[in-house]
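In full-length UniProt numbering, the protein residues as written are 1 to 674.
What follows is the structure in structure tokens.
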């Protein structure tokens, strides 16, 4: 059967019947699991059927085809909508047995869509609002790729299904504001406007005119009956032609089709029950057992895949004949090559010779000048702190509406939106995004940062003003607990470099990570170059290393990160010259990388002498490295407003305090040197 014949065959099956297939798969899966959310898949089945049957270009036989349309289920609790579609259009890893194993251990059908867990899932969703905000990044990346390679290689839409909860979450405002400002015309959001939340009617908590809100942010906004296929199709057609991002408010009834529970908030997050499902089968004329789809309906859905494959094949022909093919493939594959590493090695050698003294935020900008000159894969940005984060370089012209040839995004005061957008850029492929704010404002970016780690995305967070060393701005801006919070996050590398050499090394590591995001915690105050022994090895890649060894057996080992390594070195000098105490200094730029080292290296680095940990942050987490005889010098509470030098003295984070503590520990350790 050829493609045209296949399309004629699918036309004989109504979109109503195709939508009902989604409804019953959702009902049956949630019922079998006795867990899940059937209401949204049932309510949005009609609109999403139109979207897939008439518009979306995806190919289940090649789910990662770069120019595919992206479909983001921002209302991730309705995951059975996505899994049902993936089964119906023929994703290889979504047979009916997976739907029957919904929410069970080891199944592909997790409670919420998880990127990388099953084919074709574009992003992890579930935390409401994350999907729409991540989709903004995807749409930005599509425009940037089109600016570089033309519409013959990059010409796709990003479609989002969002619910009331997504639009109530604060991150949605950051996302729609940025999208409207940039005129992301290939971003289309279908809002499941069902007037229902978990507690009941949405009027319990909101009176927002969402269409007016989106229009005020620069979007095209329409309202349609979400159960009228032709109205939905007409709205999508208009959205695809708009020069703005588009919102389509699909007025729906949650649990649409249910015999007696249609429109009830009770369908949101619980199984309907055997009796209700049986009555719904009778009402909708679906005389089929659970987890059964008639062949004609399945064939109709498979037409989506046939159309997608044809479009994908045509695109591949264009790619093969494109003069930009090699550069395109290097870009989409994020191939850094060797030049970045070579230039950074030269940079480190140069500044080691010069003993360059700068704040690590400034060292970061200097390293970025080298990096951005060696590759055009990096896309920078800042949450309205460019002059403080120092994330812009000579190569990074700003991106603006109508001009996506640049390499720098002014995210505005939108830390959470920035994190989610960077996730979207990374998920789209083609770029390595980095974005800056103050370390203390990682609180605001936390939701997106957690998903960076959960999805394994190579996103780089440049978090400056990393301690009380930022000074007079005071405790509201001085991060105390933030390093501990970030270090507690699985699959997140947290780097706190001590000088310009370590900063360049940490950047090199961050750029070469394939499935782990990175944090660079950087100082406001100038720090001396501490790496006095030249060498080609990237010592920061070890996570911790002996910066300065004792002359003979150690009496004490000083552990420190970032700006406090300078204090440790000064204390070691004082201990040797004034007290005859031998102290080794261990710089620990990355606990995560050190934890990955073998036990022998860890033991050799830490040694057997008592240890003092020095960090201008909270103690939490340090005890594992200090050992049972260790001592901590750092913050016990929040900071204060004063010049940095006074703050370090006030809170006792000084070389003199380290010396006193070392004398106390060394006195208890006579004869125990190692």
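Where is the CB? At the ideal position from N, CA and C, for every residue including glycine.
No experiment lies behind these values; they were computed from the predicted model shown.
Residue ranges of each alpha helix (DSSP H) run of no fewer than 4 residues wholly in the region 303-381, ordered along the chain?
325-332, 339-354 and 360-374
Beta carbon of residue 140: closer than 7 angstroms to some heavy atom of the ligand ADP?
Of ligands this structure carries none, so the ligand ADP is not represented either.
Residue 603 (DSSP reduced to helix, strand or coil)
Sequence index remark: in the chain shown, residue 603 carries index 603 (1-based). DSSP places residue 603 in the helix class (H, G or I) of the three-state scheme.
Could you pull out every unbroken beta strand (DSSP E) segment of at least 3 residues lying fully inside the region 381-415, listed in chain order?
408-410
Among residues of its own chain, excluding the 5 on either side of residue 595, which ones have a beta-carbon nearer than 6 angstroms to its beta-carbon?
Locating residue 595 in the chain shown gives position 595, counting from the first residue. Leaving aside the five residues that flank residue 595 on each side, none in its chain has a CB nearer than 6 angstroms to its CB.
Buried or exposed (CB count within 10 angstroms, at least 16 for buried), residue 143
By one-based count along the chain shown, residue 143 stands at place 143. The residue in question, residue 143, is buried, as its Cβ has 16 or more Cβ neighbours within 10 Å.
Three CB pairs or more closer than 8 angstroms across the region 512-525 and the region 356-363
yes
Skipping 5 residues on each side, what residues in its chain have a beta carbon closer than 7 angstroms to that of residue 315?
The count along the chain shown starts at 1 and reaches residue 315 at position 315. 67.
Is it buried or exposed for residue 413, if we count other Cβ within 10 angstroms and need 16 for buried?
Looking up residue 413 in the chain shown gives position 413. The residue in question, residue 413, is exposed, as its Cβ has fewer than 16 Cβ neighbours within 10 Å.
Exposed or buried, which one is residue 638 when buried takes at least 16 other CB atoms within 10 Å?
Numbered from its first residue, the chain shown carries residue 638 at position 638. Flag for residue 638 reads exposed.
Quick check: what's the CA-CA separation for residue 631 versus residue 173?
Along the chain shown, read from residue 1 onward, the residue named residue 631 stands at position 631. Along the chain shown, read from residue 1 onward, the residue named residue 173 stands at position 173. About 46 angstroms.
Between the C-alpha atoms of residue 228 and residue 448, what's the straight-line distance to the nearest angstrom?
Along the chain shown, one-based indexing puts residue 228 at 228. Along the chain shown, one-based indexing puts residue 448 at 448. Rounded to the nearest whole angstrom, the CA to CA distance from residue 228 to residue 448 is 35 angstroms.
With residue 284 and residue 263 assumed to form a contact (beta carbons below 8 angstroms), what rounded beta-carbon distance in angstroms separates them?
Taking the first residue of the chain shown as position 1, residue 284 is located at position 284. Taking the first residue of the chain shown as position 1, residue 263 is located at position 263. So it is not a contact: roughly 15 angstroms between Cβ atoms.
Using the C-alpha atoms, what's the distance from residue 541 back to residue 205?
Mapped onto the chain shown, residue 205 falls at position 205. Mapped onto the chain shown, residue 541 falls at position 541. So the two alpha carbons sit approximately 50 angstroms from each other.
What span of residues does the alpha helix (DSSP H) with residue 213 cover, start to end?
Sequence index remark: in the chain shown, residue 213 carries index 213 (1-based). That run of the alpha helix (DSSP H) goes 210-216.
Contact set for residue 102: own chain, Cβ-Cβ below 6 angstroms, skip 5 residues either direction:
Counting from 1 along the chain shown, the entry for residue 102 is found at position 102. Only 29, 33 and 109 meet the Cβ criterion.
On the DSSP letters alone, give me the boundaries of the beta strand (DSSP E) that residue 432 sits inside.
Counting from one through the chain shown, the residue named residue 432 turns up at place 432. Start and end: 432-438.
One question on the structure: do residue 444 and residue 460 come within less than 8 angstroms of each other, judged by their Cβ atoms?
One-based indexing of the chain shown puts residue 444 at position 444. One-based indexing of the chain shown puts residue 460 at position 460. No, the pair does not count as a contact, with Cβ atoms beyond the cut-off.
Pick out whichever of 440, 615, 576 and 556 has its Cα sitting closest to the Cα of residue 589.
Position 589 of the chain shown, counting from 1, holds the residue named residue 589. The residue with the shortest Cα to Cα distance from residue 589 is 615.
Three-state secondary structure (DSSP) at residue 676?
Lying outside 1 to 674, the shown extent of the chain, residue 676 is not represented and no answer is given.
From residue 132 to residue 57, what does the alpha carbon distance come to, in whole angstroms?
The residue you call residue 132 lines up with position 132 of the chain shown. The residue you call residue 57 lines up with position 57 of the chain shown. Near 19 angstroms, if we compare the C-alpha coordinates of residue 57 and residue 132.
Scan the region 605-633 and note each continuous beta strand (DSSP E) run of 3 residues or more that stays entirely inside, going in chain order.
611-615
Could you spell out where the alpha helix (DSSP H) holding residue 89 opens and where it closes?
The residue labelled residue 89 in the question sits at position 89 within the chain shown. Where residue 89 is concerned, the enclosing alpha helix (DSSP H) stretches over 79-89.
Thinking C-alpha only, which one of 150, 292 and 544 is nearest residue 562?
Taking the chain shown and counting its residues from 1, one reaches residue 562 at position 562. It is 544 whose Cα lies nearest to the Cα of residue 562.
Taking the runs of the alpha helix (DSSP H) that are 4 residues or longer, which of them lie wholly in the region 143-172?
164-168
Please state whether the Cβ-Cβ distance between residue 309 and residue 587 is less than 8 angstroms.
As a working note, residue 309 is residue 309 in the chain shown. As a working note, residue 587 is residue 587 in the chain shown. No, Cβ-Cβ distance for residue 309 and residue 587 is not below 8 angstroms.
Give the straight-line distance between the Cα atoms of residue 270 and residue 246, rounded to the nearest whole angstrom.
Taking the chain shown and counting its residues from 1, one reaches residue 270 at position 270. Taking the chain shown and counting its residues from 1, one reaches residue 246 at position 246. Taking the straight line joining both Cα atoms gives about 32 angstroms.
Please list, in chain order, all residues of the same chain as residue 251 whose beta carbon is under 6 angstroms from its beta carbon, the five residues on each side excluded.
The count along the chain shown starts at 1 and reaches residue 251 at position 251. If we look at residue 251 and ignore the five residues flanking it on each side, its Cβ neighbours are 193, 225 and 226.
Segments assigned beta strand (DSSP E), at least 3 residues, entirely inside the region 18-75
70-73
For residue 221 and residue 214, the rounded distance between their alpha carbons
For this step, residue 214 is matched to residue 214 along the chain shown. For this step, residue 221 is matched to residue 221 along the chain shown. So the alpha carbons of these two residues sit roughly 7 angstroms apart.
Is residue 419 helix, strand or coil by DSSP?
Taking the first residue of the chain shown as position 1, residue 419 is located at position 419. Helix.
Per-residue DSSP class, three states only, for residue 104
Along the chain shown, read from residue 1 onward, the residue named residue 104 stands at position 104. In the three-state reduction of the DSSP assignment, residue 104 falls in the coil class, being assigned neither a helical nor a strand state.
Check each candidate in 382, 647 and 369 and name the one with the smallest Cα separation from residue 474.
The residue given as residue 474 occupies position 474 in the chain shown. The shortest Cα separation from residue 474 among 382, 647 and 369 belongs to 647.
Contact between the region 464-472 and the region 411-425: three or more CB pairs below 8 angstroms?
no
Just the C-alpha distance for residue 157 and residue 139, rounded to the nearest angstrom, thanks.
As a working note, residue 157 is residue 157 in the chain shown. As a working note, residue 139 is residue 139 in the chain shown. In this structure, the alpha-carbon of residue 157 lies about 7 angstroms from that of residue 139.
Please give me, in chain order, every unbroken run of the beta strand (DSSP E) with length at least 3 that falls completely inside the region 425-484.
Inside the region 425-484, DSSP marks whole beta strand (DSSP E) runs of 3 or more residues at positions 432-438 and 460-464, from first to last along the chain.
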